[in-house]
Amino acid sequence: MALDFLTDAQVSGYCRYQDVPLRSDLERFFLLDDADRLLVDRRRGEHNRLGFALQLTTARYLGAFLEDPLDVPWAVVVYLADQVGVGDPSTIKNGTAPAFVDSGS
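Numbering-wise (the working numbering), the sequence shown opens with residue 55 and increments by one.
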């Protein structure tokens, strides 16, 4: 996408969290409705459910997926963990290992 019309500061902040979302933004963009919960609940494992909820709501909030899906404010992780029933939000880090490692063959 051509971003020539944006300033350098705007480009560096494009599709990134600039700060912790306000409470009103958390309630508007990160509150999971029944349809969201159905999608989230299809995932196995706490880290998968929480990770899916993070991606879903981040795309809703920013309008794009992050290059690093865990590059989100911790307050967002905690807010979603509570909704999906994950007692320990740090479980999200369990899913960060690559699912496939190229052995070079």
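The beta carbon of each residue, even a glycine, is placed where N, CA and C say it ideally should be.
Relative to the C-alpha of residue i, which residue among the options is closest?
| i | options | result |
| --- | --- | --- |
| Val74 | Tyr133, Ala135, Ala129 and Gly139 | Ala129 |
| Tyr133 | Val94, Leu124, Thr61 and Leu85 | Leu85 |
| Val131 | Leu80, Asp87 and Leu60 | Leu80 |
From which residue to which residue does the alpha helix (DSSP H) around residue i run?
| i | result |
| --- | --- |
| Asp87 | Per DSSP, Asp87 belongs to no alpha helix (DSSP H) and is neither H nor E. |
According to DSSP, is residue i helix, strand or coil?
| i | result |
| --- | --- |
| Pro143 | helix |
| Glu77 | Contrary to the premise, residue 77 reads as Arg rather than Glu in this sequence. Correct three-state label for Arg77: helix. |
| Val126 | coil |
| Phe154 | Confidence at Phe154 is low in this model, with a pLDDT of 29, below 50, so the placement of that residue should be treated as unreliable; the coordinate-derived value is given next. Of the three classes helix, strand and coil, the one that applies to Phe154 here is coil, per DSSP. |
| Arg96 | coil |
| Thr61 | coil |
| Phe106 | helix |
| Ala135 | helix |
| Leu116 | helix |
Between the C-alpha atoms of residue i and residue j, what's the straight-line distance to the nearest angstrom?
| i | j | result |
| --- | --- | --- |
| Tyr115 | Tyr68 | 12 Å |
| Phe154 | Asn148 | Residue confidence for Phe154 is low, a pLDDT of 29 falling below 50, so the modelled location carries little weight; the figure read from the coordinates is stated next. In a straight line, the C-alpha of Phe154 is about 15 Å away from that of Asn148. |
| Gly105 | Val138 | 10 Å |
| Asp142 | Asp136 | 9 Å |
| Asp90 | Asn102 | 14 Å |
| Thr112 | Ala118 | 7 Å |
| Leu110 | Thr145 | 18 Å |
| Asp95 | Asp58 | 41 Å |
| Leu108 | Asp62 | 27 Å |
| Asp76 | Val140 | Inspection of the sequence shows that residue 76 is occupied by Leu rather than by Asp. Approximately 22 Å, taken between the alpha carbons. |
| Phe83 | Arg70 | 15 Å |
| Asp88 | Leu60 | 38 Å |
Is residue i close to chain C? Criterion is C-beta to C-beta, closer than 7 Å.
| i | result |
| --- | --- |
| Ala135 | The chain inventory of the structure shown lacks chain C, comprising one protein chain alone. |
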